[in-house]
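Asker:
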Amino acid sequence: MTEATADSPEAILAEANSLARLPLEAVVPRLNLLRLRYREAPELFTPDTLLVLREAAARAKVANEAIDVDRALAMLRDVFGYPSFRPGQQEIIETLLGGGDCVGVMPTGAGKSLTYQIPARILGGLTLVVSPLISLMKDQVDAMHEVGVRATFLNSTLAPEERNRRAAQLRAGEYELLYAAPEGLDASVGRLLESMDLRLIAVDEAHCISEWGHDFRRSYRNLAGLKRRYSGIPVLALTATATPRVRHDIIEQLAMRDPVVVRGSFFRPNLHLHAVRKGGTDGVRGMILDLIRARRGEAGIVYCLSRKAVDSTAEYLAGQGVRAAPYHAGMTAEARAATQERFSRDELDVVCATIAFGMGIDKSNVRFVIHRDMPRSIESYYQEIGRAGRDGARADCVLFYSWADVISLDRLLENAELVDAAVIDQQRNAVRHMYGLADGGGCTWRRLAGHFSEEIADCRESCGHCDGTDIVAKAQALKRSRPRAGSRRAATIASPIDFLFDADEASRQRTDSDGPMPADDGDLFDRLRALRKSLADERGVPAYVVFSDKTLQDMAERRPGSPAELLEVHGVGLKKLAEYGDAFLAEVRGFRRAKC
Numbered sequence: 007m008t009e010a011t012a013d014s015p016e017a018i019l020a021e022a023n024s025l026a027r028l029p030l031e032a033v034v035p036r037l038n039l040l041r042l043r044y045r046e047a048p049e050l051f052t053p054d055t056l057l058v059l060r061e062a063a064a065r066a067k068v069a070n071e072a073i074d075v076d077r078a079l080a081m082l083r084d085v086f087g088y089p090s091f092r093p094g095q096q097e098i099i100e101t102l103l104g105g106g107d108c109v110g111v112m113p114t115g116a117g118k119s120l121t122y123q124i125p126a127r128i129l130g131g132l133t134l135v136v137s138p139l140i141s142l143m144k145d146q147v148d149a150m151h152e153v154g155v156r157a158t159f160l161n162s163t164l165a166p167e168e169r170n171r172r173a174a175q176l177r178a179g180e181y182e183l184l185y186a187a188p189e190g191l192d193a194s195v196g197r198l199l200e201s202m203d204l205r206l207i208a209v210d211e212a213h214c215i216s217e218w219g220h221d222f223r224r225s226y227r228n229l230a231g232l233k234r235r236y237s238g239i240p241v242l243a244l245t246a247t248a249t250p251r252v253r254h255d256i257i258e259q260l261a262m263r264d265p266v267v268v269r270g271s272f273f274r275p276n277l278h279l280h281a282v283r284k285g286g287t288d289g290v291r292g293m294i295l296d297l298i299r300a301r302r303g304e305a306g307i308v309y310c311l312s313r314k315a316v317d318s319t320a321e322y323l324a325g326q327g328v329r330a331a332p333y334h335a336g337m338t339a340e341a342r343a344a345t346q347e348r349f350s351r352d353e354l355d356v357v358c359a360t361i362a363f364g365m366g367i368d369k370s371n372v373r374f375v376i377h378r379d380m381p382r383s384i385e386s387y388y389q390e391i392g393r394a395g396r397d398g399a400r401a402d403c404v405l406f407y408s409w410a411d412v413i414s415l416d417r418l419l420e421n422a423e424l425v426d427a428a429v430i431d432q433q434r435n436a437v438r439h440m441y442g443l444a445d446g447g448g449c450t451w452r453r454l455a456g457h458f459s460e461e462i463a464d465c466r467e468s469c470g471h472c473d474g475t476d477i478v479a480k481a482q483a484l485k486r487s488r489p490r491a492g493s494r495r496a497a498t499i500a501s502p503i504d505f506l507f508d509a510d511e512a513s514r515q516r517t518d519s520d521g522p523m524p525a526d527d528g529d530l531f532d533r534l535r536a537l538r539k540s541l542a543d544e545r546g547v548p549a550y551v552v553f554s555d556k557t558l559q560d561m562a563e564r565r566p567g568s569p570a571e572l573l574e575v576h577g578v579g580l581k582k583l584a585e586y587g588d589a590f591l592a593e594v595r596g597f598r599r600a601k602c
């Protein structure tokens, strides 16, 4: 049957039986023809025929899934430069490639974006990514271009002419990924999608749709019934923090159909957690300054409860010679955008911010997060510390807290426009749970993971309780003991952060390639970082889009001498090898010659 036009049940059954003798690439087209024939004349399909076709379709699906997983692994290596999937990534990708809905609860830095970027390439057509992070969309698109993925965004920042140009390119099939804000789905973006070959929808920060979440956004209610609106298209809901109640709300609001729920581990061993009670002899801002000076040249965020605290902290740090700037909703949009741009391009070391900045960070080389004031919930705390160490390299998270913070947060709740008594009680309890996490005994990571219903053993070395580190005292010791520039002792210390660890801890850190490096590796890392900044400035992209800190650390340790060796470095794929390989190999060779 060259076309599915057989006019007898016997002929249809013979065609169905012939599928078992065909190669896979021929089976799927023939199944599609038979499906069309079934719609035209279902009476020709006997129960035996339908059974044979179901078995053939199941075999084809299994074979296709195996091929798709192999393609996904190849893409992970060749496009993104990673040797293997992180926990949860492969299960999400397999679910989407099989046409199912999925809820991915994965911590910030766990590689959530790969779970829709890889299927976008394999599925073809267009993948829609719904995100509230308008300020981040350009950087996200730039990062996709750097690895050869065709992506664009549509949002309110674009001029009408540019918006129309991109819409025409989307209709012409020139893009694989489209980033859009939830507000756009009820406007021009929604109308545009009706004419597109839409294959996948990913909803980032999906907890924003739930009033029971820690960051409810009314604009996300535009997504209600998303699955019904685009019937038959798999939907992926991604969030870093979601309690069972919030997960249920996400599924219900998006009208997802029997989604697979994939939970990654909330434990991120590269983040070192420390809690410091306020009220000692040293003022909080002085301790913050000591912590920042101990990490000279590193990028970090200082979170504050109020705009006034943001402004005063940023002014104080800038007055002490720190490249710091404020960020909060009371600033003009232009001023906020300027701060974010300077930070993303490594022209600022520290941003002092309210939580408004947290949702707009995609910078992978944030090496510390400091909370000047206690966050309003454990969910908020986890979201905010998640901005650090996204590249997998070591980062420190220091929380300053007191019962006065609880009182201040209660006062903010009293002044908020909340009418639902149950929601108010839930948020008051959330504040007290956060205080309990900060002030309680035992492994901080074990108690933090437990809040999200995950049982883990004590972290042993990734929190102040387990490793016994007084991180503020060590920073102050560095301040007292810092050698004069040019002295013999100064030359033996690779970087200020090296001094924060004792010899045993430094040894452990080096085995993980996340902590202090030997002096020679540190020197090469600095040279590679300077080269990265120069190349990023030439291309008009943030430095971390070129390569992450972890990639540069691995490169400094391996010291590759050929393109093949450079491809073995974490985070180096074929596209980046072609774009940057010669420059970085030349820098490594120059360093080697200088050491000979």
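Position one of the sequence shown corresponds to residue 7 (the working numbering), numbered consecutively onward.
Built from N, CA and C at the ideal position, the CB exists for glycine as well.
In whole angstroms, what is the alpha-carbon distance linking E200 and T121?
Answerer: 24 Å
Asker: Helix, strand or coil for C403 per DSSP?
Answerer: strand
Asker: Taking a contact to mean a Cβ-Cβ separation below 9 Å, would you say V547 touches D288 in this structure?
Answerer: Pairing V547 with D288 gives a Cβ-Cβ distance that is not under 9 Å.
Asker: Let me check one thing: in DSSP terms, what residues is T249 bridge-paired to?
Answerer: According to DSSP, T249 bridges with nothing at all.
Asker: Check whether the segment 376-394 touches the segment 339-351, counting contact only when three or more Cβ pairs, one atom from each stretch, lie closer than 8 Å.
Answerer: no
Asker: Going by DSSP in three states, R283 sits in which element: helix, strand or coil?
Answerer: DSSP places R283 in the strand class (E or B) of the three-state scheme.
Asker: Which same chain residues, not among the five before or five after D464, have their C-beta less than 7 Å away from its C-beta?
Answerer: Closer than 7 Å at the Cβ level, and outside the excluded window around D464, lie C449, R452, C472.
Asker: So, P166 versus N228, is the Cβ gap smaller than 9 Å?
Answerer: no
Asker: Hey, H377 and C358: beta-carbon distance below 9 Å or not?
Answerer: no
Asker: Is G587 helix, strand or coil when you go by DSSP?
Answerer: helix
Asker: Name, in chain order, the residues that DSSP records as bridge partners for A331.
Answerer: Per DSSP, the beta bridge partners of A331 are V357.
Asker: Classify E152: buried if its beta carbon has 16 or more other beta carbons within 10 angstroms, exposed otherwise.
Answerer: Counting of Cβ neighbours within 10 angstroms places E152 among the buried residues, the total reaching 16 or more.
Asker: By alpha-carbon positions, which one of E46, S271, A341 ends up nearest to P93?
Answerer: S271
Asker: Are there 16 or more other CB atoms within 10 angstroms of the CB of A157, so buried, or fewer, so exposed?
Answerer: Buried is the call here.
Asker: Quick one: using the 10 Å Cβ neighbour count with 16 as the cut-off for buried, is A64 buried or exposed?
Answerer: exposed
Asker: Which residues does DSSP list as the beta-bridge partners of R269?
Answerer: Paired residue(s): V111.
Asker: In whole angstroms, give me the CA-to-CA distance for A264 and D13.
Answerer: Residue identity check: residue 264 is Asp in the sequence provided, not Ala. So the two alpha carbons sit approximately 38 Å from each other.
Asker: Within the continuous alpha helix (DSSP H) that includes L323, where are the two ends?
Answerer: Going by DSSP, L323 is part of the alpha helix (DSSP H) stretching over 313-325.
Asker: By the DSSP assignment, the alpha helix (DSSP H) with H151 in it spans what residues?
Answerer: In this chain, the alpha helix (DSSP H) harbouring H151 covers 143-152.
Asker: By alpha-carbon positions, which one of G474, L244, R466, E353 ends up nearest to D543?
Answerer: Of the candidates G474, L244, R466, E353, the one whose C-alpha sits nearest the C-alpha of D543 is E353.
Asker: From I503 to D368, what does the alpha carbon distance come to, in whole angstroms?
Answerer: Because the pLDDT at I503 is just 41, under 50, the model does not fix this residue reliably, and the value given afterwards should be weighed accordingly. Answer to the nearest angstrom: the Cα atoms are 24 Å apart.
Asker: Please state whether DSSP places Y236 in a helix, a strand or coil.
Answerer: Secondary structure at Y236: coil, using DSSP grouped into helix, strand and coil.
Asker: With DSSP run on the structure shown, which of helix, strand or coil describes I294?
Answerer: In the structure shown, the three-state DSSP call for I294 is helix.
Asker: Which same chain residues, not among the five before or five after A497, have their C-beta less than 8 Å away from its C-beta?
Answerer: In this prediction, A497 has a pLDDT of 34, which is less than 50 and means its spatial position is unreliable; what the coordinates show is noted afterwards. Correct list: empty, nothing qualifies.
Asker: Could you check if E16 is buried or exposed, using at least 16 other CB atoms within 10 Å of its CB as the buried criterion?
Answerer: Burial is judged here by how many other beta carbons sit within 10 angstroms of a residue's own beta carbon; E16 has fewer than 16 and is exposed.
Asker: If you follow the beta strand (DSSP E) that A186 is in, where does it begin and where does it stop?
Answerer: Run containing A186: 183-186, per the beta strand (DSSP E) assignment.
Asker: In the structure shown, what three-state DSSP assignment does C469 receive?
Answerer: strand
Asker: Quick check on G521: does DSSP put it in helix, strand or coil?
Answerer: Low confidence applies to G521: its pLDDT is 47, below 50, so where it sits in the model is not reliable, and the reading given next is rough at best. Of the three classes helix, strand and coil, the one that applies to G521 here is coil, per DSSP.
Asker: Enumerate in chain order the residues of its own chain whose CB-to-CB distance from L2 is below 6 Å, with the five nearest sequence positions on each side excluded.
Answerer: This structure does not reach residue 2, given that the chain is present from 7 up to 602, and the question cannot be answered.
Asker: Starting from H439, trace the beta strand (DSSP E) both ways and give me its first and last residue.
Answerer: Careful: H439 lies outside any beta strand (DSSP E), inside the alpha helix (DSSP H) at 427-445.
Asker: Among the residues of its own chain, which have a CB less than 7 Å from the CB of P275, if the five just before and after it don't count?
Answerer: The residues are C465, S468.
Asker: Give me whichever residues DSSP pairs with H377 in a beta bridge.
Answerer: Y309, L405
Asker: Can you tell me whether E61 is buried or exposed? The criterion is at least 16 other CB atoms within 10 Å of its CB, across all chains shown.
Answerer: exposed
Asker: Alpha carbon to alpha carbon, what distance is there between A570 and L415?
Answerer: 54 Å
Asker: Exposed or buried, which one is L506 when buried takes at least 16 other CB atoms within 10 Å?
Answerer: Unreliable positioning characterises L506 in this predicted model, as indicated by a pLDDT of 43, which lies under 50. The coordinate reading is nonetheless provided below. Answer is buried; the Cβ neighbour count reaches 16.
Asker: Hey, out of Q123, F86, A324, whose CA is closest to E574's CA?
Answerer: F86
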